[in-house]
Every structure is written in C-alpha cells, then in structure tokens.
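Participant: Please find one structure pasted underneath; my questions will follow.
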Amino acid sequence: MKLVSIVGARPQFIKAAPVCKAFQKAGIDECLVDTGQHYDDDMAGAFFRELDLPKPAHSLGVGSGSHGRMTGRILENTEAVLEEEAPSAVLVYGDTNSTIAGALAAAKMAIPVIHVEAGLRSYRAAMPEEINRRLTDHISSLLFCPTASAVENLRKESVAGPDTGAGLLSQAACGALRPTGKPIVANVGDVMMDALLAIRDREIEDSLIDTLAPQGYALVTLHRAESTDDEEILKSLLNSIADLSEAMPVVFPMHPRTKSSLERAGLNSIVDDRPGLHCVPPMSYGRFIRAQAEARVIVTDSGGVQKEAYMLSVPCLTLREETEWPETISSGWNRLLGFRPADLAATCRNVRPPDGEAPAWFGDGHAAERIATAVTAVLGG
Ligand code: UD1
Ligand code: UDP
C-alpha cells in the first residue's frame, strides 16, 4: 500500500504532523505532496521544520492566484504526480483549494480519496471552503470525521448510511473496518487535538508574550475572504480591533492575505502607531499555541483557532455569522459576532468562561493513530 498525501496551506501542515508520524509508526508508505498554495517561510517552510514533517516528495509550487487558476494548476500537476506514483489512495485535509484539487485529480483517475476533517458544514453555500469540503466529501471513499456532528451532517447528505455510528470509534473498531464498496464514515476525533497535545508542553520563549500579563490580552486573527475582500468590512473590523487595543493589549499575528488587503486599501493608519496593538508576522505553531493559552480572550474568523481556543479553555469570539464547530457555541465557549461586531471592546471586557468542564468534543488526542489503523484495515488487505 502506498499513499499520496496532499498539503499546501498552513493548517494542513499542522494537521499532517501527527498523521505523518502515525503512518511512519504503522509502516505505511506515504509520499507527501506540497502544492505550494502557501509559500512564505512563516506560512509554510517554518512548519515543516518546527513539526519535523517529512520532506515533500513533490513540491508543485503553484503559489497564489484566483480560485480557478490555483485549483486548475494543482489539479493538473497532481494528476502528473499520481501517474508517476500510482498510489493505492490519496489523502487530503480540510477544505482548501489544495483539498478539492487533490481529491478531484484522484477521483478522476479512480484512485480512492481519503478525507481527513470530513463532514464539516457552515451551510453558507457561497463560502469557498464550503464548496471545497462538500465536493470533496462527495467523492471520497474513506471519510474521517473529527466530531459526532460532522457524521450527522454526512448522514443528512446520505454520504453516511443511516446506521453509521456518530460516536468516537475505538482503535479496535478502526482495525475491524473493511471495504464495503460504499463510502466509509468514521468519527476518529480531531487530528488538531493530537497536534495541540504534542506541542502544548514545549517551553517556548516569546519576546512579545513574555512582556504581557497572562490572561491580560486579546489574541486576534483575521484572514477569511468574507472579512478581508470587502474594503468596508475590513475597515470596520480593523477599527473594532483598534478600539479593543485601547481597552486591553491586543496581539494580532497578521495573515499575509489580511496584510495585503489592508495595504491595498490604504488602511494601515488604523493599526499603525497604537501602543496597545501588536501587529506581528504569522507566528510559529508553538508560539501561537502559547499566545492562545495565555490570552484572556481570542477573537478570530479562523476555523482551527476556534477549536484550539476551546481545547485550551479560552473564551472565543468569532467574527463570522456561522461556524463549522457548533459544539463550541452550544457549550458557551464561543460566540458568533458576525462581520460587524457592535462593541468589540466591551464584549471582550465582559467575556467570561462558562461554568463547568468543557466536554471532549474533539476526541482524545489519538485521532491520527485511528486513521493509520483504519487505513491499514481498509486498504492494506
Ligand atoms: C486559504 C484557504 C482557507 C484557509 C487558509 C488558511 C482556500 C480557498 N482558502 O486561505 O480555507 O483557512 O488558507 O490560512 O483554499 N499569501 C501570501 N503568502 C502566502 C500565502 C498567501 O502572500 O504564503 C497571500 C497572497 O496575497 C494570496 C492571499 O494571501 O493571494 C490568499 O491566499 P490563498 O491561499 O488564496 O487563501 P488564504 O486566504 O490563505
Ligand atoms: N496558527 C499559527 N500561527 C499563527 C496563526 C495561526 O501557527 O500566527 C495556527 C493555529 O494554531 C491553527 C492554524 O494555524 O492551528 C489555523 O490556521 P488558519 O487560521 O490559517 O486557517 P483555518 O483553520 O481557518 O483554515
């Protein structure tokens, strides 16, 4: 058995880290393909080094571009790689353009697709990631869901059969999976939980976070198309973040998309020269996890960051109208503020963690092992 795994964007490097290790441990022959969707060192190369990822066997170097151009280039280049490698299956992560392009290249060549982080839905039909994840799920053979609600979503679309269990599958049950001729759907837990547990206890020095009082600052990230493409929305969000920095220090590691939108729209003056607002380049994973763990509140439009806030028991305010992670909302740890939050500073000042323990919605930190076991059981025979 040989797998080709496709990564290309920052969160995919992080998700791949525990999975690559579990595959190595299980003796699975994996060939990593980096599409090059993200290419700045602090969005890509730095994660390979920090997380000790295997060197990609193929780097497609597609870079940035419109959706069609990027997806098309990845599709064409991946097809050539698959012709050369002739894998037993192709594994893709999440919902980026790299995900759908890699999955489509494989499905058209009748190579089974394995989707890690399957079944998530925002039900915002026009969202680029919703298109990518929905289509990927519908052409996948092995769908690894991170949560029970993701399995439920796949049942509603008849990707999962009505009898598919939504609970976290045991290692033994993963080992007992067999090919059925239909898509196999399994809740294995979230590989981002595995990644977080592997890095959380590293001692990480940080010249900025070291100067801030623990639980005394807000950590902000912003990068979604919905937040950054429309100049009015971006301006209003940046004004809210600037106001917030008058109420408490703000750490704002800026995604390159946001930086370039802000510069293009001439909005730098909103964030420049504000003593409480620390706009910094994208952080390494370890630094960012520490920054999250010590924050009083996290304000974000990121999918992964909402989850990590929950896993680290830090209240989260999400600058979106919906989320793929409804568990974080129902348990009271996350709140949707939309793209135009009314008074972000007051909301952050008043935010409190909910009472009681946060349920383990995202598994037990062994998702990658379950994936390795299930892949061996289904494809290894
Ligand atoms: C992509 C994913 C999104 C994911 C995010 C993770 C899609 C449609 N979107 O969004 O789901 O949440 O990655 O971070 O796949 N840029 C650089 N250097 C880089 C990468 C990007 O300067 O290394 C800039 C370029 O101006 C580029 C822009 O960021 O045009 C957007 O990059 P792109 O990969 O298209 O989308 P993201 O917003 O990063
Ligand atoms: N992250 C990071 N450095 C940063 C910001 C985020 O390492 O400066 C990590 C974060 O811990 C999470 C992932 O990047 O694991 C989230 O990626 P992003 O927000 O870019 O994408 P999304 O999850 O929304 O697809």
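Heads up: the sequence shown at position 178 corresponds to 179 in my numbering, and the numbers run straight through without jumps.
Beta carbons are placed, not taken as given, at the ideal position from N, Cα and C, and that holds for glycine.
1. So Val91 and Val117 are in contact, right, with Cβ under 8 Å, and what is the actual spacing, rounded?
2. Give a yes or no on whether the C-beta atoms belonging to Ile299 and Leu220 are separated by under 7 Å.
3. Under 6 Å: does the beta carbon of Glu264 sit that close to some heavy atom of the ligand UD1?
4. Using CA coordinates, which residue listed in Cys175, Val152, Val252 and Lys308 is at the minimum distance from Pro12?
5. Thinking C-alpha only, which one of Ala106, Pro327 and Phe289 is nearest Asn78?
6. Could you tell me the alpha carbon to alpha carbon distance between Gly103 and Ile75, rounded to whole angstroms?
7. Helix, strand or coil for Ser241, going by three-state DSSP, please let me know.
8. Pick helix, strand or coil for Lys26, following the three-state DSSP scheme.
9. Would you mind reading off the limits of the alpha helix (DSSP H) that contains Lys109?
10. At a cut of 8 Å, does the stretch 330-339 reach the stretch 127-135 through at least three beta carbon pairs?
11. Sort out for me which residues DSSP pairs Ala17 with in a bridge.
12. Closest to Met110 by C-alpha separation, out of Gly120, Pro88, Tyr124 and Pro129, would be which residue?
13. Is the beta carbon of Ala27 closer than 7 Å to that of Leu52?
14. Let me confirm a value: Thr259 is counted as buried when at least 16 other C-beta atoms fall within 10 Å, else exposed. Which label applies?
15. May I ask whether a heavy atom of the ligand UDP can be found less than 6 Å away from the beta carbon of Arg11?
16. State the Cα-Cα distance for the pair Ala375 and Glu322, rounded to the nearest angstrom.
17. Output the residue ranges of the beta strand (DSSP E) runs that lie fully inside the stretch 66-154 and measure 3 residues or longer, sorted by chain position.
18. Which residues mark the beginning and the end of the alpha helix (DSSP H) in which Val262 is found?
19. Tell me the DSSP bridge mates of Ser60?
20. May I ask you to report which of helix, strand or coil DSSP gives Ala343?
21. From this set, Glu295, Lys3 and Gly69, which residue's C-alpha is nearest Asp207's C-alpha?
22. Exposed or buried, which one is Gly9 when buried takes at least 16 other CB atoms within 10 Å?
23. Taking 7 Å as the cut-off, decide whether the C-beta atoms of Pro327 and Ser150 are in contact.
24. Beta-carbon within less than 8 Å of Val189's beta-carbon, same chain only, minus the 5 sequence neighbours each way: which residues are those?
25. Measure the C-alpha to C-alpha separation of Ser262 and Met2 and round it to an integer number of angstroms.
26. Helix or strand or just coil, what does DSSP make of Leu198?
27. Can you tell me the Cα-Cα spacing of Gly217 and Pro250, whole angstroms?
28. At which residues does the alpha helix (DSSP H) containing Ser228 begin and terminate?
29. Applying the 10 Å Cβ sphere with the 16-neighbour rule, what's the burial state of Ile224?
30. If you compare alpha carbons, which of Arg125, Arg70, Tyr124 and Glu85 is closest to Ser99?
31. With a threshold of 6 Å, establish whether the CB of Ser303 neighbours any heavy atom of the ligand GDP.
32. Given a threshold of 16 other Cβ atoms within 10 Å of its Cβ, counted over all protein chains shown, does Gly305 qualify as buried or as exposed?
33. Can you give the Cα-Cα distance for Val252 and Met284, rounded to whole angstroms?
34. For Ala359, which option in Ala310, Phe340, Arg350 and Ser228 has the closest C-alpha, if you only look at C-alpha atoms?
35. Tell me, to the nearest whole angstrom, how far the beta carbon of Leu320 is from that of Leu238; I am working on the premise that it is less than 8 Å.
Facilitator: So, from the data block:
1. Here residue 91 refers to the residue found at position 90 when the sequence shown is read from its first residue. Here residue 117 refers to the residue found at position 116 when the sequence shown is read from its first residue. At roughly 11 Å, the Cβ-Cβ gap does not stay under 8 Å, so Val91 and Val117 are not in contact.
2. Here residue 299 refers to the residue found at position 298 when the sequence shown is read from its first residue. Here residue 220 refers to the residue found at position 219 when the sequence shown is read from its first residue. A contact, by the Cβ cut-off of 7 Å.
3. Translated into positions along the sequence shown, residue 264 becomes position 263. Not so, every heavy atom of the ligand UD1 lies at least 6 Å from the Cβ.
4. By one-based count along the sequence shown, residue 12 stands at place 11. The option with the nearest alpha carbon to Pro12 is Lys308.
5. On the sequence shown, residue 78 is found 77 positions in, with the first residue counted as 1. If we check each option's Cα against that of Asn78, Ala106 comes out closest.
6. For the purposes of this step, residue 103 is identified with residue 102 of the sequence shown, where counting begins at 1. For the purposes of this step, residue 75 is identified with residue 74 of the sequence shown, where counting begins at 1. So the two alpha carbons sit approximately 7 Å from each other.
7. Taking the sequence shown and counting its residues from 1, the one referred to as residue 241 is at position 240. Three-state result, Ser241: helix.
8. Here residue 26 is taken as the residue at index 25 of the sequence shown, counted from 1. Note: Lys26 maps to helix in three-state DSSP.
9. Within the sequence shown, numbered from 1, the residue matching residue 109 stands at position 108. Segment Asn98 to Lys109, the alpha helix (DSSP H) holding Lys109.
10. no
11. Translated into positions along the sequence shown, residue 17 becomes position 16. Paired residue(s): none; Ala17 is not in a bridge.
12. Translated into positions along the sequence shown, residue 110 becomes position 109. When only C-alpha atoms are compared, the closest one is Pro88.
13. Here residue 52 corresponds to residue number 51 of the sequence shown, with the count starting at 1. Here residue 27 corresponds to residue number 26 of the sequence shown, with the count starting at 1. No. Outside cutoff.
14. Counting from one through the sequence shown, the residue named residue 259 turns up at place 258. The residue is buried, with at least 16 neighbouring Cβ atoms inside 10 Å.
15. In the sequence shown, residue 11 corresponds to position 10, counting from 1. Yes, the beta carbon of Arg11 sits closer than 6 Å to at least one heavy atom of the ligand UDP.
16. Taking the first residue of the sequence shown as 1, we reach residue 375 at position 374. Taking the first residue of the sequence shown as 1, we reach residue 322 at position 321. When rounded, the distance between both Cα atoms is 35 Å.
17. 90-94, 114-117 and 143-146
18. The count along the sequence shown starts at 1 and reaches residue 262 at position 261. The sequence as given places Ser at residue 262; Val does not occur at that position. Here the alpha helix (DSSP H) through Ser262 covers Pro257 to Arg265.
19. As a first step, residue 60 must be located in the sequence shown, where it is residue number 59. According to DSSP, which records beta bridges pairwise, Ser60 is partnered with Asp35.
20. Stepping through the sequence shown from its first residue, residue 343 is reached at position 342. Of the three classes helix, strand and coil, the one that applies to Ala343 here is coil, per DSSP.
21. By one-based count along the sequence shown, residue 207 stands at place 206. When only C-alpha atoms are compared, the closest one is Glu295.
22. Translated into the one-based positions of the sequence shown, residue 9 becomes position 8. Classification for Gly9: buried.
23. Position 326 of the sequence shown, counted from the start, is the residue given in the question as residue 327. Position 149 of the sequence shown, counted from the start, is the residue given in the question as residue 150. Yes, they are a contact pair.
24. What you label residue 189 is simply residue 188 of the sequence shown in a count that begins at 1. Excluding positions up to five away in sequence, the list reads Phe145, Cys146, Pro147, Leu169, Leu170, Cys175, Gly364, Ala368, Arg371, Ile372 and Ala375.
25. As a first step, residue 262 must be located in the sequence shown, where it is residue number 261. As a first step, residue 2 must be located in the sequence shown, where it is residue number 1. Roughly 44 Å between the two C-alpha positions.
26. Stepping through the sequence shown from its first residue, residue 198 is reached at position 197. Here Leu198 sits in helix by DSSP.
27. Your numbering for residue 217 matches position 216 in the sequence shown. Your numbering for residue 250 matches position 249 in the sequence shown. Spanning the two alpha carbons is a distance of roughly 7 Å.
28. Here residue 228 corresponds to residue number 227 of the sequence shown, with the count starting at 1. Looking at the DSSP string, the run of the alpha helix (DSSP H) that includes Ser228 is Ala226 to Thr229.
29. Here residue 224 is taken as the residue at index 223 of the sequence shown, counted from 1. In the sequence as displayed, the identity of residue 224 is His instead of Ile. Under this definition His224 is a buried residue.
30. The count along the sequence shown starts at 1 and reaches residue 99 at position 98. Closest option to Ser99, Cα to Cα, is Arg70.
31. In the structure on display, the ligand GDP does not appear, and the ligands it does have are the ligand UD1 and the ligand UDP.
32. Working through the sequence shown from its first residue, we reach residue 305 at position 304. By the neighbour-count rule (16 or more Cβ atoms within 10 Å), Gly305 is buried.
33. Numbered from its first residue, the sequence shown carries residue 252 at position 251. Numbered from its first residue, the sequence shown carries residue 284 at position 283. Distance between the alpha carbons of Val252 and Met284 is about 11 Å.
34. The count along the sequence shown starts at 1 and reaches residue 359 at position 358. Among Ala310, Phe340, Arg350 and Ser228, the Cα nearest to that of Ala359 is on Ala310.
35. As a working note, residue 320 is residue 319 in the sequence shown. As a working note, residue 238 is residue 237 in the sequence shown. Right, their Cβ atoms sit about 6 Å apart.
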